[in-house]
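Residue numbers (this note's numbering), protein chains in the order written: chain A, 1 to 385; chain B, 386 to 1149. No residue lacks a Cβ here, since even glycine has one placed at the ideal position from N, Cα and C. These notes are about the structure you will find just below.
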């Protein structure tokens, strides 16, 4: 009988991942024929590779999926989290052909179409353990054969990395737009009839905003205008918003100084909610510091406790930096949520002004829906202000 | 919220004898619960009628009653022991039903015994089909359309309303679907409804729209008294709806759902848990999804620890029964540590970086009159689980763990029946679910049938079929190497064979060589498996529990310690003639070794057992019990010896080959095992000792058997060597039947001598 997959050809399409600690792992190329540098992180989610790939917060990074069977459900038209793919590369153990009633395209085709290099055949557990013990590592993904392993090691070691880098400016939208194109999807999920009319105007800063945040705000009756990362506070206030939102985004919050300045100018003038990078920016604006976690939180199973109620929610997370709890002024900022795995800060609230933010992703996509009520809390915050 | 101080003495009910649908998994959960409750200082009173269980060992409870599981006896124990509370959710359906009877008879109230874990109204709401359906409708979840009836006339009236045949008939309050089935026409409908009404203790059956062929999923959920709810594991059935979950090949985690779809299912599972009102502990919720459009329906929920909880515990490393017991006495999830990481709490959702496959074990060969067809009534008698990096690897390991003489997914010379079948016969084997269907799928792919065609016939999801087709085709890639010598030259191919889970035996078969030579070739090239940890967190945190599986990769996490190590080989899957008793022996052997200061290394493949609990032994290897897999572990650990005599027939069969490969067999030496197990040697021994025996002889071929029978005279008793519990043992009165049965006996004993005795009729 004829072989359905050409394993021999696959075995011969060799590729490698070189790490700054000198390790070289070998596999085969399954994405675009482009060599690239990036910071290697791992994500422990069992599902959601499409949302992860299209999440702009991963810009500058290579994502390693710890779950070995990837590509199972292909890529569909409605589960995207942004307009494109901003990851630098993708690392998996085993690539599959898609089988799902919603699948429009295979993962391999999608990666190639978006110019994303990817490697399979990697012992992702070995790689994950290495990152766990050494922290996030700079890496070089060599898939074309044009670069030697030795050169690759040299290049990735010399790379500046993500510390002190503003990547939000690389992924933000280039001009203001209104989010209302949910209609197709809403009807697909049977939501069209249940969508309430919008009665609140929100301006959302796009540092790499995930569409599920926008979808959730729309479901909560919010009419959202998305603005570029550098939009000055005055311009935001000129829109006369009922609330302002600080989005998630990639890399180092401390480098996005203009956003911290804008946040400082807006706190107290308008109700504010922040998520992920937005949480860090608001923490910085309130006088706190941020620091880099050893290997970050990337997954769908992080337990977060709300300190006031004791409620535990399983949350979706994706961040490398966190707010230092000792750095914030306790007279203005309350820590509201902590991560039960490592006790890091997962949420803050301003004691005097209408402002709260969370480090995790209540919008899910991917991940559990446990904390979706936070968007309603944003409504409440606005109505009480 | 700390543990409760208002209760001191807690009673647990075990699950009684092993029956189809309820095996040693409740010994595993009950033993964990006993340990957990006593650890917290509670006095535990245990009642169970099955003495072959670990939990009934005197040291596991403060008071142990080996008594029949009836309400009169339980009431008597209530009188003597005056327990404060009864924990009914860890003893399977038996304990749950008994609890409902105790409640119904007012016995709990009379003796002031509080139900903890799940209240009676909760159990009723989950178990009573009409209450359950109403509850699901209330929270906006769909269930298959159905009508509950109590008489035949009511049943007949539903047929048209539900859209005609086929229709599913499910009796209320029965175990493993006893008395139920699918009716394709009016005659079958009448028969099954009649049986169902009689089997149901409340004479109730549910008539339901048929969703056969849909994708089937199960989520294991845990809740604490502060309403924190987590999903431990998702499981997807390879066999679509129509085959009882206990008879299905199942895979963890779910493979074919996007995150959106999975989260919708997760939301639904948590809603079900909260609406039914299970206060604390574990439950499972089953779902079906229409593969063409994604319509999701809830099938059922069990408000208790189940067989799938045992599987989920072993698949993730999260000890569901232990945590459930602690939640029942008042703890919340964030107050309990995750044993494996020690630094993170139990209030998280395990994530895994491997694929787990469970394959049921059937024993149709012992019941020649029962048809090898699978349906809504469970027929499997045991199961095996395996862990691999990928589905391919995991499935192949699971199949060779089954102890049915298979070396993996085919490629072992045992598929003539399917390979020689004509297309119509093969299609029939695919269409009607049966215990060997997977091997028929392989045969179909070997003759180049498309995945679409096989999907059409089997309903198995294309994702699984793609992998099975890959494997079927990959055989050509291996045999294409031409010879073992050539394979040795193509290391990338050799490595990939092993990554795809091919055993040395399969590779040997495909290259017309021997298992020993393949192993030697791998040894020469250094192609060896590595051992990875089952750690609940995909390596995100350091794990402290030594629970391993093999795979092929770069990173071996099982580093042998300095102490002297002894390996214990477990019993593998349950089968008729081998239940829980061998696990009992293995667990005690492990305890004894630990007391003596040895490091005990357990190897087993049965997820229902106490031996595969990660704290029973110093190290646990969840691996197939084959020569190849066992030798690797023995060498990796540098064991001083192996104990084969407590695991039943499975390890005994390996003893000789293990010894030949340098394994020090402790206890009874293999030659003595051979002398007893091989009927010919045993006969010589008996003769030598001058003990009288019936006239007998041994034979390997049919003709030899006929010659022996002619010599000693009919009737004769035919017995194969090295098999369990009288498999293929028959009394034969005529030569024609002897010839027929010899074929079967030879198949069961794999070229070993068959003993033929003169049969003493009416002997005492």
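Which chain C residues are close to residue i, counting only those with a beta carbon under 8 Å from its beta carbon?
{"i": "residue 99 (chain A)", "result": "Of the chains in the structure shown, none is chain C; the protein chains are A and B."}
Just to confirm the assignment, what range does the beta strand (DSSP E) spanning residue i have?
{"i": "residue 1143 (chain B)", "result": "1139 to 1143"}
{"i": "residue 1105 (chain B)", "result": "1101 to 1105"}
{"i": "residue 203 (chain A)", "result": "200 to 206"}
{"i": "residue 1117 (chain B)", "result": "1115 to 1117"}
{"i": "residue 61 (chain A)", "result": "61 to 65"}
{"i": "residue 18 (chain A)", "result": "14 to 19"}
{"i": "residue 267 (chain A)", "result": "Counting along the chain, residue 267 (chain A) falls outside any beta strand (DSSP E), and DSSP gives it neither H nor E."}
Locate the alpha helix (DSSP H) running through residue i, then write down its first and last residues.
{"i": "residue 390 (chain A)", "result": "No answer is possible for residue 390 (chain A): the residues shown for chain A start at 1 and end at 385."}
{"i": "residue 282 (chain A)", "result": "277 to 285"}
{"i": "residue 133 (chain A)", "result": "124 to 134"}
{"i": "residue 425 (chain B)", "result": "First-last for residue 425 (chain B): undefined, no H or E at that position."}
{"i": "residue 169 (chain A)", "result": "168 to 171"}
{"i": "residue 882 (chain B)", "result": "876 to 884"}
{"i": "residue 378 (chain A)", "result": "374 to 384"}
Roughly how many angstroms separate the alpha carbons of residue i and residue j, rounded to a whole number?
{"i": "residue 387 (chain A)", "j": "residue 157 (chain A)", "result": "This structure does not reach residue 387 (chain A), given that chain A is present from 1 up to 385, and the question cannot be answered."}
{"i": "residue 132 (chain A)", "j": "residue 639 (chain B)", "result": "26 Å"}
{"i": "residue 501 (chain B)", "j": "residue 611 (chain B)", "result": "15 Å"}
{"i": "residue 64 (chain A)", "j": "residue 252 (chain A)", "result": "20 Å"}
{"i": "residue 977 (chain B)", "j": "residue 87 (chain A)", "result": "54 Å"}
{"i": "residue 2 (chain A)", "j": "residue 864 (chain B)", "result": "Caution is warranted here: a pLDDT of 45 is assigned to residue 2 (chain A), below 50, making its placement in the model unreliable, and no coordinate value can be reported."}
{"i": "residue 605 (chain B)", "j": "residue 617 (chain B)", "result": "5 Å"}
{"i": "residue 108 (chain A)", "j": "residue 777 (chain B)", "result": "20 Å"}
{"i": "residue 206 (chain A)", "j": "residue 238 (chain A)", "result": "17 Å"}
{"i": "residue 937 (chain B)", "j": "residue 621 (chain B)", "result": "24 Å"}
{"i": "residue 572 (chain B)", "j": "residue 629 (chain B)", "result": "22 Å"}
{"i": "residue 1004 (chain B)", "j": "residue 942 (chain B)", "result": "12 Å"}
{"i": "residue 60 (chain A)", "j": "residue 35 (chain A)", "result": "13 Å"}
{"i": "residue 180 (chain A)", "j": "residue 223 (chain A)", "result": "8 Å"}
{"i": "residue 1060 (chain B)", "j": "residue 1078 (chain B)", "result": "16 Å"}
{"i": "residue 1086 (chain B)", "j": "residue 913 (chain B)", "result": "39 Å"}
{"i": "residue 213 (chain A)", "j": "residue 935 (chain B)", "result": "41 Å"}
{"i": "residue 343 (chain A)", "j": "residue 325 (chain A)", "result": "10 Å"}
{"i": "residue 939 (chain B)", "j": "residue 915 (chain B)", "result": "7 Å"}
Below 8 Å on the Cβ atoms is my guess for residue i versus residue j; work out the distance and round it to an integer in Å.
{"i": "residue 806 (chain B)", "j": "residue 827 (chain B)", "result": "In fact, because the Cβ distance is near 12 Å, the residues do not count as touching under 8 Å."}
{"i": "residue 308 (chain A)", "j": "residue 332 (chain A)", "result": "Not confirmed; about 17 Å, so no contact."}
{"i": "residue 587 (chain B)", "j": "residue 558 (chain B)", "result": "6 Å"}
{"i": "residue 632 (chain B)", "j": "residue 764 (chain B)", "result": "6 Å"}
{"i": "residue 702 (chain B)", "j": "residue 920 (chain B)", "result": "6 Å"}
{"i": "residue 204 (chain A)", "j": "residue 275 (chain A)", "result": "At roughly 10 Å, the Cβ-Cβ gap does not stay under 8 Å, so residue 204 (chain A) and residue 275 (chain A) are not in contact."}
{"i": "residue 483 (chain B)", "j": "residue 398 (chain B)", "result": "6 Å"}
With contact counted as at least three CB pairs below 8 Å, one residue from each stretch, are the segment 740 to 750 of chain B and the segment 711 to 720 of chain B in contact? no
Can you find at least 3 beta carbon pairs, one from the segment 295 to 315 of chain A and one from the segment 697 to 713 of chain B, that sit closer than 8 Å? no
Does the segment 232 to 250 of chain A come within contact of the segment 260 to 273 of chain A, defined as at least 3 CB pairs closer than 8 Å? yes
If you scan the segment 889 to 968 of chain B from start to end, which runs of the alpha helix (DSSP H) of 4 or more residues do you find wholly inside it? 889 to 895, 900 to 910
Validate contact between the segment 942 to 959 of chain B and the segment 970 to 989 of chain B using beta carbons, cut 8 Å, 3 pairs: yes
Counting only runs of 4+ residues fully inside the segment 510 to 549 of chain B, write out the alpha helix (DSSP H) ranges in chain order. 514 to 523, 537 to 543
Check whether the segment 1033 to 1041 of chain B and the segment 1008 to 1023 of chain B are in contact - that is, three or more C-beta pairs closer than 8 Å. yes
Does the segment 1062 to 1077 of chain B touch the segment 1111 to 1122 of chain B, meaning 3 or more C-beta pairs lie closer than 8 Å? no
Note down, one range per segment and in chain order, each beta strand (DSSP E) of at least 3 residues found wholly within the segment 776 to 826 of chain B. none
Sequence ranges, beta strand (DSSP E) only - wholly within the segment 630 to 668 of chain B, length at least 3: 635 to 637
Is it the case that the segment 639 to 649 of chain B contacts the segment 483 to 490 of chain B, given that we only count it when at least three CB pairs across the two stretches are under 8 Å? no
Would you call the segment 870 to 882 of chain B in contact with the segment 686 to 700 of chain B, where contact means no fewer than 3 C-beta pairs closer than 8 Å? no
Assess, as a yes-or-no matter, whether the segment 792 to 803 of chain B is touched by the segment 123 to 132 of chain A under the definition of 3 or more beta carbon pairs within less than 8 Å. no
So, do the segment 789 to 801 of chain B and the segment 661 to 669 of chain B have three or more beta carbon pairs nearer to each other than 8 Å? no
Can you list, in chain order, the stretches of the alpha helix (DSSP H) that have 4 or more residues and sit fully within the segment 698 to 733 of chain B? 705 to 713
Taking 8 Å as the cut-off, does the segment 255 to 263 of chain A touch the segment 278 to 288 of chain A (at least 3 CB pairs, one atom from each stretch)? yes
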